[in-house]
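What follows is one structure encoded as structure tokens, with my remarks underneath.
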Ligand code: HEM
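Numbering (full-length UniProt numbering), first residue to last: 1 to 275.
So this is what it looks like as structure tokens:
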């Protein structure tokens, strides 16, 4: 049983209204509740665990919350500049959604869901920043869909304005991508690893990239998946690339200028993508 549930039980049993949280502190307590209470336990708030497993085909075929949350976390942090410490995972994405580098409705889907938690739970509204919710969304999306368990630490402070632009786009060259990821704090090997992990989920929408993919089942919102298992964290993004069966639009699209995954995965002679 969670700390929150125990506290609620203790309060009800003694008929004493607790004025403040006592242990460990309200911020950590609320983050723990969001991360670990995989069953709603009588709370009205939807859990990260259940929502991160949700496919939202109402938004278009092959769409899922996990992919939207992971892409949102990456686009939020991709503004990070390791030289001057600006940007990073600070929820500035909420001020950057109309930029050309952030096409598609995945960001608004994500931010709308996370902000809805503020309306349904007073503790979340009071103690947890949007940046922490975005980071927790990434961790939950991976953990709940066969990915690794990542260490999570709270305490991010929300930006109050947009950061400098900095999200990569698929028509850039490998050299531009390498420089972009270096500015974000990643070397060339980490760039390949990070993209392969991210693109284990979801795919490309016609609405966002009409020159890269056609509509799926007549809907511009549907995804053409990056691999055969777009709802699961696994190696298929890499194995299908290597065995030539991949349907990843950023590898096989007729728009050859947008084949960024093909260029990046092969940029070290397939050493990293084969590892
Ligand atoms: C050179 C770097 C990258 C490029 C050019 C790139 C490009 C793209 C494009 C064009 C899409 C389709 C978006 C849409 O149609 O809505 C996409 C989707 C996605 N990207 Fe990336 N990406 C890059 C790096 C990353 C990284 C590092 C991550 C995470 C670690 C990531 C995670 C995702 C996810 C999860 C989706 C699927 C979104 C969905 O299905 O709703 N990407 N990416």
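The C-beta atom is built at its ideal place from N, Cα and C for all residues, glycine as well.
- For residue 124, the enclosing alpha helix (DSSP H) covers residues 122-127.
- Cβ contact annotation for residue 118 (same chain, cutoff 8 Å, sequence separation greater than five): 124 and 125, in chain order.
- Sorting 91, 112, 63 and 35 by C-alpha distance to the C-alpha of residue 50 places 35 at the top.
- Exclusion of the five residues before and after residue 166 leaves 78 and 79 as the residues of its chain whose Cβ lies within less than 6 Å of its Cβ.
- Selection 144, 85 and 66 evaluated against residue 114 yields 66 as nearest (Cα-Cα).
- One Cα belongs to residue 111, the other to residue 153, and the distance between them is close to 20 Å.
- Judged by DSSP secondary structure, residue 204 falls within the beta strand (DSSP E) whose first and last residues are 203-205.
- Taking the Cα positions, residue 248 is about 29 Å away from residue 81.
- The beta carbon of residue 134 is closer than 7 Å to those of 72, 73, 76, 89, 91 and 114 in its chain, skipping five residues each way along the sequence.
- Judged by DSSP in its simplified three-state form, residue 224 adopts strand.
- Residue state for residue 213 is assigned as coil, using DSSP reduced to three classes.
- Counting of Cβ neighbours within 10 angstroms places residue 224 among the buried residues, the total reaching 16 or more.
- For residue 64, the pairing in a beta bridge is given by DSSP as 55.
- Sixteen is the threshold: since fewer than 16 other Cβ atoms of the shown chains lie within 10 Å of the Cβ of residue 151, the residue is exposed.
- In the DSSP assignment, residue 219 forms a beta bridge with 216.
- Set against 7 Å, the gap from the CB of residue 68 to the closest heavy atom of the ligand HEM is smaller.
- In this structure residue 171 is not in contact with residue 267, their Cβ atoms being roughly 16 Å apart against a cut-off of 8 Å.
- Taking a contact as a CB-CB distance under 8 Å, the pair residue 156 and residue 132 counts as one, their CB atoms being some 5 Å apart.
- Secondary structure at residue 167: coil, using DSSP grouped into helix, strand and coil.
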